[in-house]
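Protein chains in written order, with this note's numbering: chain R, 1 to 211; chain H, 1001 to 1477.
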């Protein structure tokens, strides 16, 4: 290393979300799209879903509010004429409900495929740079696959939402953000398992999302 | 008018030795089976002494290794036709001069191509790329251009007078007159066309016949030449015969690439695109397998077509040995090239939306990638539908059907299933949906929003008025 880094190049390096300097109290720069939940936005670095990265949502059962969580972001994207893609959803994404959440259906695409091809499709969509968000349900998701999706999301600057069962919480994951939904008969809570960037430990990492 | 003639002297050889390098020992033979004679031979064969007109037996005696194939006039015509299709890019007036030449009207667009030297270089360059070296001549009269091209290369005569004097020096053997007339005139002591032109017309006509006189008149422009102009076929239907019987797709890719290139050239000449084409795989028992390629938007580019065709061919099941592959395209709409913004920020390796969708559809199947839309119907199953318009260009205005509806679940189950969870709690309902008596699919149901013991929110129904027999229809995810 004998090259002298130009100050601008160094600044660019320090801007990288993966780098945090102990000496500075500033939050590393994270580009994010608001989730629509004020409490959650306040906690998450950058104030929302990280752009160009994988966000994992883990839940044990279907129908606990896992999709409502991403709906405001999706609605905003379609309003800005960005495409959102559902890759191998377990059920039918119900058009009237999506429309009621403010999603412009003209920008919604659904892809049905077997698990391997589903993973391939999700990666293609993310990498292409022409999709705003890709929501995928991948039963074969493992570290390698998520890493691929993460790289694809970075190169295509798209939001990747990966929905996985709760038992995946114990496994390591390269996702930039991991949320787990805990439910009981009364309420649903969100727990932030992991997020890229610093998080204020004084604030609760478990939030009420549906009472 | 100015006509360029491309004279393909080795066409008979090219037509039958498509698969062999033409620098070998090859010869084309013709005539009755017992007394076949050489029509044309390659340069290397000529060095051994194999010449046109020689009986095949004599040629074999001189050179035992000569590879002889029977002349195929139909193949020559096919070849000439494909060359005419190729030449169509240079002029809209292309005529096939049987048996071995093409006439192209270049006068109208000479300025466009920047003059004859440039056009000629361009023609030769483009021909060399498809491995042809014809002799080229240009003259104001098509028949004269043909004669000049047969005599030598590189004639370019723009005006009739120098053309006539050039014709004067053409030996009669190369004048295009019939063999009988040539030998007759030669025996009288005539050597060039000047000698023939000098003869008194009635006497000459009596000896060589009116058709030959007509030819002489046409090359001097004394009578109008009626040329049939080449018309590009309205459809694309090209076929490649395979030498072996093929039972899997990989060996089909090479001919497929060639077909796609041909299709692309064809489309460029038409200034059109292709939206739907079929790959037809022929089997020995005259049945065939069709692989349909449907595209969302018209395409023209050879590489894109090949990639899309290839991934569909990979998914096709080939049950029997394939002996030929064809590409048929009948639906040839206009192509409107996509305009890209000069200042549009583009990422490297990025792919625009239409190519992404085409790629996904090619890989997964045409019905695997769908758009969604809502429908004005109260029955939950019918309140949505697939809608592929959004895949291409979202132009329709956003629908406003759903503004005043009670809450609907984001997940709808493909089929209703009995709701089997203990300790449920009704959060909202009932909402009675009673509709469809007019089309035979009537329903009377009470829908409730139900919370299960696990915290799931379900959209469940019972038959109207009942309180048991709960069916799950969706999840408020």
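Where a beta carbon is used, it is the ideal one built from N, C-alpha and C, also for glycine. On a predicted model such as this, the values are computed, not experimentally measured, just so you know.
The region 1394-1458 of chain H is shown to contain whole beta strand (DSSP E) runs of 3 or more residues at 1411-1418, 1425-1435, 1443-1451, in chain order. 8 Å or more divides the Cβ of residue 1445 of chain H from the Cβ of residue 1428 of chain H.
Exclusion of the five residues before and after residue 1331 of chain H leaves 1274, 1275, 1276, 1277 as the residues of its chain whose Cβ lies within less than 8 Å of its Cβ. Taking the Cα positions, residue 32 of chain R is about 31 Å away from residue 114 of chain R. At a cut-off of 8 Å between beta-carbon atoms, residue 1116 of chain H makes no contact with chain R.
With contact defined as three or more Cβ pairs closer than 8 Å, the region 1447-1454 of chain H and the region 1413-1433 of chain H are in contact. Going by C-alpha positions, residue 178 of chain R is about 12 Å away from residue 146 of chain R. In this structure the region 39-53 of chain R does not touch the region 94-103 of chain R; the number of beta carbon pairs closer than 8 Å is below three.
With the rule of 3 Cβ pairs closer than 8 Å, the region 1161-1175 of chain H does not count as touching the region 1038-1048 of chain H. In the assembly as shown, residue 93 of chain R is a buried residue. Its beta-carbon has 16 or more other beta-carbons within 10 Å. Rounded to the nearest whole angstrom, the CA to CA distance from residue 1029 of chain H to residue 1322 of chain H is 31 Å. Scanning the region 1064-1100 of chain H for uninterrupted alpha helix (DSSP H) segments of 4 residues or longer gives 1073-1087, listed from N- to C-terminal end. Pairing residue 1198 of chain H with residue 1232 of chain H gives a Cβ-Cβ distance that is not under 8 Å.
The three-state secondary structure of residue 1464 of chain H, taken from DSSP, is coil.
Straight-line measurement puts the Cα of residue 174 of chain R at about 37 Å from the Cα of residue 1316 of chain H.
For residue 1288 of chain H, the uninterrupted beta strand (DSSP E) segment begins and ends at 1288-1299. Contact of residue 1373 of chain H with chain R by beta-carbon distance below 7 Å involves 95, 105.
Among the residues of the region 125-158 of chain R, those with a Cβ less than 9 Å away from any Cβ of chain H are 125, 127, 128, 129, 130, 131, 155, 156, 157, in the order of the chain.
Cβ contact annotation for residue 90 of chain R (same chain, cutoff 8 Å, sequence separation greater than five): 62, 137, in chain order. Residues 1382, 1383, 1384, 1385, 1401 of the same chain have their beta carbon placed closer than 8 Å to that of residue 1375 of chain H, with the five preceding and five following residues left out of the count.
The alpha-carbon of residue 170 of chain R is positioned some 14 Å away from that of residue 141 of chain R. Put simply, the CB of residue 82 of chain R is far from chain H, with every gap to its CB atoms at 8 Å or more.
Residue-level contact by beta carbon holds for residue 1454 of chain H and chain R, with a gap shorter than 8 Å.
Within chain H, 1370, 1372 have C-beta atoms less than 7 Å from the C-beta of residue 110 of chain R, given in sequence order. For residue 1356 of chain H against residue 124 of chain R, the beta-carbon gap comes to about 7 Å, under 8 Å, which counts as contact. Within the DSSP secondary-structure output, residue 50 of chain R pairs in a beta bridge with R:32. Looking at H:1085, H:1135, H:1143, the one whose alpha-carbon comes closest to that of residue 1226 of chain H is H:1143. For the pair residue 12 of chain R and residue 156 of chain R, the Cα-to-Cα distance works out to about 19 Å. Residue 1175 of chain H sits in coil when the DSSP states are folded into three classes, being neither helix nor strand. Listed in chain order, the non-local C-beta contacts of residue 1306 of chain H below 6 Å within the same chain comprise 1257, 1260, local neighbours out to five positions each way being set aside. Beta-bridge partners assigned by DSSP to residue 1366 of chain H: none are found. At a cut-off of 8 Å, the C-beta of residue 188 of chain R has a neighbouring C-beta in chain H. If you check each beta-carbon in the region 1411-1433 of chain H against every beta-carbon of chain R, the ones closer than 8 Å belong to 1411, 1412, 1413, 1414, 1423, 1425. Look at the beta carbons and you see the region 1285-1302 of chain H not touching the region 1104-1115 of chain H: under three pairs across the two are nearer than 8 Å. With three or more CB-CB distances shorter than 8 Å, the region 104-121 of chain R counts as touching the region 1359-1377 of chain H.
Straight through space, the alpha carbons of residue 1085 of chain H and residue 1178 of chain H are spaced by roughly 29 Å.
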